[in-house]
Amino acid sequence: MGVEVGEEEDGGLILKGKRNRYERMDSGFAAEEEDDADVGSRRQGEIKNSNTQKFVIACALFASLNSVLLGYDVGVMSGAILFMKEDLNLTEVQLEVLVGILSIISLLGSLAGGKTSDAIGRKWTIALAAVIFQSGAAIMSLASSFTVLMIGRLLAGIGIGFGVMIAPVYIAEISPTITRGRLTSFPEICVNLGILLGYISNYAFSGLPVHISWRVMLGVGILPSVFIGFALFVIPESPRWLVMRNRIDEARLVLAKTNESEREVEMRLSEIQQAARFANVETYDSKAIWRELLNPTPGVRRMLITGCGIQCFQQITGIDATVYYSPTIFKEAGIKEKTQLLAATVAVGFTKTMLILIAIFLIDKVGRKPLLYVSTIGMTVCLLGLSVTLAFMGNGKVGILLAILWVCGNVAFFSVGIGPVCWVVSSEIFPLRLRAQASALGAVGSRVSSGVVTMSFLSVTRMITVGGTFFLFAIISALSVIFVHKCVPETKGKSLEQIEMLFQDEKEWQGGEVELGDAERLVPK
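Residue 524 is where the sequence shown ends in numbering that gives the first Met the number 0, and the numbering goes up by one at each step.
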């Protein structure tokens, strides 16, 4: 039986006969095998991508655990000071100092954090922050006097200074470009979660005897240290820090775990090596870094204005005063019972935590700048509304309801925008050689601003009333809208090295890629 050869059709020969039938069957099997191979390859790729994403998310979460401690301290102190005042006979000035000194003293940790993280690595700086903070928390929970409380508070402040500076830097350096904004907002999410847990702790333990309740409230904050210890066995060192130490093979291994393809790994490694060429810690000493920060080039000056400015505006709009002194605000509105005051603060903490979760999904989709516009404008409206309510509608059911709504609205707008975006922007805009120290400088601005606000809040309210104080915050919040418009460019979708180039051009820095009108797409018609 021979093989018949037919005419050409569409440029190919049509074979006839039995052998042709077998050949078609063979080719069909081959095609099926190729299809199976393609499907298997795609599945392997999907599994690798999934594993990579899970690993990066796990690293971001574990690196953010120190922020839970910070948030818990902020939340729990709002209720604990009510019982401390009664148990230890503290004055109003002592309470202000006790609350506010944490933010002021944390600047020491932030300033030391940059150099420390360059010396021992980002990972072990996270561990050091946890140890120092937990030591302070333990001392505070066992304190029998204002002096001992202050010693514990000072240690906790230094630990927080390390923690708030290093977590966003670590996450920004380990994250892929496409998810960097979402992951770098994890510390702010954990702060909000910690605040909520602190509020719940206040409410849960408020029924204990006065001399025990506040100690238990503070002592519970030590528990997260167990998870931080476990995290050290999971998270790798920052690949950018490894490159700076000339540990290229280790950096490649880390990048292989956090990126989805070999090509992407080599591309990212090449970019980091290029950025680190002049940033090697053995040749670029800390004096030269600080000299460049204190006598900056035009590009670095723009970065400092953006990074430090947004950190300061985040705090001087009064968010920490709102969180620390929310029982005072609600008392001014007309709530008298301690249990009711603490229950109202739980509503604030819940709102703050839920809205930060929404910000995570929006930050890499709609960008940083639209969220900042919506956030700062919304906060301005809520602060103004709270001011008017406390000034003219206090001590009534309507006034109480409106005060709770305005406070919840204020923390909601904060959490959906300037809260997380502040840390994202300040961690991604600086070049590698300056990133640790410049981020530390921004964290110092944030902590000092927070300390000034919290240490003066009660005194200012005595001078111009609680309503007048929030009117002042509303004016500052309105100024933050102008700052965002003029000084914060859009960084969505850019690599850290591309963002560095963005600040070299003043027009791109001031104009950015997103204008005020673009925020309209976030607001329902």
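Even for Gly, the Cβ is constructed at its ideal location relative to N, Cα and C.
Handout entry: Length of the line joining the Cα atoms of Cys381 and Ala358
Key = By 1-based counting over the sequence shown, the position of residue 381 is 382. By 1-based counting over the sequence shown, the position of residue 358 is 359. Straight-line Cα distance between these residues: approximately 19 Å.
Exercise for the section: Kindly indicate which three-state DSSP category Phe232 falls into: helix, strand or coil? Expected result: For this step, residue 232 is matched to residue 233 along the sequence shown. DSSP places Phe232 in coil when its eight states are reduced to three.
Problem - Outcome for Phe229 when other beta-carbon atoms lying within 10 angstroms are tallied against a minimum of 16 - result: Along the sequence shown, read from residue 1 onward, the residue named residue 229 stands at position 230. Exposed, by the Cβ-count rule.
Problem - Unbroken stretches of the alpha helix (DSSP H), 4 residues or longer, contained in the stretch 420 to 476 - result: none
Handout entry: Ser269, DSSP secondary structure in three states
Key = The count along the sequence shown starts at 1 and reaches residue 269 at position 270. Looking at Ser269 - three-state DSSP - the assignment turns out to be helix.
Problem - Beta-carbon gap between Leu371 and Val452 smaller than 8 Å - result: By one-based count along the sequence shown, residue 371 stands at place 372. By one-based count along the sequence shown, residue 452 stands at place 453. No, the Cβ-Cβ distance between Leu371 and Val452 is not below 8 Å.
Handout entry: Nonlocal neighbours in the same chain, by C-beta distance under 6 Å from Tyr198, ignoring five residues either side
Key = Position 199 of the sequence shown holds residue 198. Excluding sequence neighbours, Tyr198 sits near Gly74, Thr344, Val345 and Gly348.
Problem - Spatial distance of Ser458 from Arg246 (CA atoms) - result: Here residue 458 corresponds to residue number 459 of the sequence shown, with the count starting at 1. Here residue 246 corresponds to residue number 247 of the sequence shown, with the count starting at 1. Distance between the alpha carbons of Ser458 and Arg246: 53 Å.
Exercise for the section: Return the chain-ordered list of same chain residues with a C-beta closer than 6 Å to the C-beta of Phe429, the five sequence neighbours on each side being excluded. Expected result: What you label residue 429 is simply residue 430 of the sequence shown in a count that begins at 1. Excluding positions up to five away in sequence, the list reads Met302 and Ala437.
Problem - Same chain, Cβ closer than 6 Å to Val465, five either side skipped, listed in chain order - result: Sequence index remark: in the sequence shown, residue 465 carries index 466 (1-based). Contacts found: Glu331 and Leu389.
Practice task
Pull up the CB-CB distance for Ile173 and Thr257, whole angstroms please, since I reckon it's below 8 Å.
Solution key: Counting from one through the sequence shown, the residue named residue 173 turns up at place 174. Counting from one through the sequence shown, the residue named residue 257 turns up at place 258. Right, their Cβ atoms sit about 6 Å apart.
Problem - Spatially closest choice to Val299 from Asn88, Ile56 and Gln503, by CA coordinates - result: As a first step, residue 299 is located in the sequence shown; it is residue number 300 there, counting from the start. The shortest C-alpha separation from Val299 is found at Gln503.
Problem - Own chain partners of Gly220 with C-beta closer than 7 Å, once the 5 adjacent residues on each side are dropped - result: On the sequence shown, residue 220 is found 221 positions in, with the first residue counted as 1. Hits under 7 Å: Leu68, Tyr71, Asp72, Val75 and Ala136.
Practice task
With a cut-off of 8 Å on the beta carbons, I'd call Ser116 and Ser449 a contact; round off their distance for me.
Solution key: For this step, residue 116 is matched to residue 117 along the sequence shown. For this step, residue 449 is matched to residue 450 along the sequence shown. So it is not a contact: roughly 21 Å between Cβ atoms.
Problem - Where Val487 sits in the DSSP three-state scheme - result: Mapped onto the sequence shown, residue 487 falls at position 488. Three-state DSSP puts Val487 in coil, outside helix and strand.
Practice task
Classify Asp72 as helix, strand or coil using the three-state DSSP reduction.
Solution key: Start at 1 with the first residue of the sequence shown, and residue 72 comes out as number 73. Reduced to three states, the DSSP call for Asp72 is helix.
Handout entry: Contact the stretch 120 to 128 vs the stretch 230 to 241: 3+ CB pairs below 8 Å
Key = yes
Exercise for the section: Could you check what DSSP says for Leu101 in three-state terms: helix, strand or coil? Expected result: Reading the sequence shown from its first residue, position 102 is the one you call residue 101. Looking at Leu101 - three-state DSSP - the assignment turns out to be helix.
Handout entry: Secondary structure of Asn65, DSSP reduced to three states
Key = In the sequence shown, the residue the question calls residue 65 occupies position 66. The answer is helix: DSSP assigns Asn65 an H, G or I state.
Exercise for the section: Measuring alpha carbon to alpha carbon, tell me which of Thr146, Ile138, Leu154 and Val190 ends up nearest Val163. Expected result: As a working mapping, residue 163 is identified with position 164 in the sequence shown. Here the closest residue by C-alpha is Val190.
Practice task
Run the CB neighbour count on Leu293, radius 10 Å, all protein chains shown included, and call it buried at 16 or more, exposed below.
Solution key: Along the sequence shown, read from residue 1 onward, the residue named residue 293 stands at position 294. Label assigned to Leu293: exposed.
Practice task
My understanding is that Ala255 touches Val242, with C-beta atoms under 8 Å, so please give their C-beta distance in whole angstroms.
Solution key: In the sequence shown, the residue the question calls residue 255 occupies position 256. In the sequence shown, the residue the question calls residue 242 occupies position 243. With 8 Å as the limit, Ala255 and Val242 do not qualify as a contact, their Cβ atoms being about 14 Å apart.
Practice task
Return the chain-ordered list of same chain residues with a C-beta closer than 7 Å to the C-beta of Ala402, the five sequence neighbours on each side being excluded.
Solution key: Along the sequence shown, read from residue 1 onward, the residue named residue 402 stands at position 403. Correct list, in chain order: Ile328, Phe329, Ala332, Leu385, Thr388 and Leu389.
Handout entry: Same chain, Cβ closer than 6 Å to Gly441, five either side skipped, listed in chain order
Key = Taking the first residue of the sequence shown as position 1, residue 441 is located at position 442. Within the same chain, Gly441 has close Cβ partners Gly306, Cys307, Gln310 and Ser425.
Practice task
Evaluate the contact criterion for the stretch 79 to 95 versus the stretch 201 to 211: three or more CB pairs, one atom per stretch, below 8 Å.
Solution key: yes
Exercise for the section: Pull up the CB-CB distance for Gly151 and Ile131, whole angstroms please, since I reckon it's below 8 Å. Expected result: As a working note, residue 151 is residue 152 in the sequence shown. As a working note, residue 131 is residue 132 in the sequence shown. Not quite, the Cβ-Cβ distance comes to about 11 Å (not below 8 Å), so this is no contact.
Handout entry: Simplified DSSP state of Met392, which is helix, strand or coil
Key = The sequence position of residue 392 within the sequence shown is 393, counting from 1. Note: Met392 maps to coil in three-state DSSP.
Practice task
Please work out which residues of its chain come closer than 7 Å, Cβ to Cβ, to Ile104, disregarding the five sequence neighbours upstream and downstream, and give them in chain order.
Solution key: The residue labelled residue 104 in the question sits at position 105 within the sequence shown. For Ile104, where only same-chain residues beyond five positions count, the Cβ hits under 7 Å are Leu153, Gly156 and Ile157.
Practice task
Please say whether Ser374 and Phe312 have beta carbons closer to each other than 8 Å?
Solution key: Residue 312 sits at position 313 when you count from the first residue of the sequence shown. Residue 374 sits at position 375 when you count from the first residue of the sequence shown. In this structure, Ser374 does not lie closer than 8 Å to Phe312 by Cβ.
Handout entry: Rounded separation between Ser260 and Trp240 - CA only
Key = Numbered from 1 along the sequence shown, position 261 holds the residue referred to as residue 260. Numbered from 1 along the sequence shown, position 241 holds the residue referred to as residue 240. If you take the alpha carbons of Ser260 and Trp240, they lie about 21 Å apart.
Handout entry: CB contact flag (Thr338, Leu195, <8 Å)
Key = As a first step, residue 338 is located in the sequence shown; it is residue number 339 there, counting from the start. As a first step, residue 195 is located in the sequence shown; it is residue number 196 there, counting from the start. No. Outside cutoff.
Exercise for the section: For Ile227, I'd like the list of residues in its chain whose CB is within less than 6 Å of its CB, leaving aside the five on either flank, ordered along the chain. Expected result: Numbered from 1 along the sequence shown, position 228 holds the residue referred to as residue 227. Cβ within range, chain order: Leu64 and Ala129.
Exercise for the section: Could you round the C-beta distance between Ser109 and Arg434 to whole angstroms and report it? I think they count as a contact, below 8 Å. Expected result: Locating residue 109 in the sequence shown gives position 110, where the first residue counts as 1. Locating residue 434 in the sequence shown gives position 435, where the first residue counts as 1. With a Cβ gap of about 14 Å, Ser109 and Arg434 do not count as contacting.
Handout entry: Inter-residue Cα distance where the pair is Leu252 and Lys122
Key = Translated into the one-based positions of the sequence shown, residue 252 becomes position 253. Translated into the one-based positions of the sequence shown, residue 122 becomes position 123. Looking at the two C-alpha atoms, the distance is approximately 16 Å.
Exercise for the section: Under the assumption that Val410 contacts Arg367 (Cβ atoms under 8 Å), give the Cβ distance between them as a whole number of angstroms. Expected result: As a working mapping, residue 410 is identified with position 411 in the sequence shown. As a working mapping, residue 367 is identified with position 368 in the sequence shown. That pair is no contact at about 20 Å.
Exercise for the section: Give me the Cα-Cα distance between Ala274 and Phe54, rounded to the nearest whole angstrom. Expected result: For the purposes of this step, residue 274 is identified with residue 275 of the sequence shown, where counting begins at 1. For the purposes of this step, residue 54 is identified with residue 55 of the sequence shown, where counting begins at 1. Going by the C-alpha atoms only, they are around 25 Å apart.
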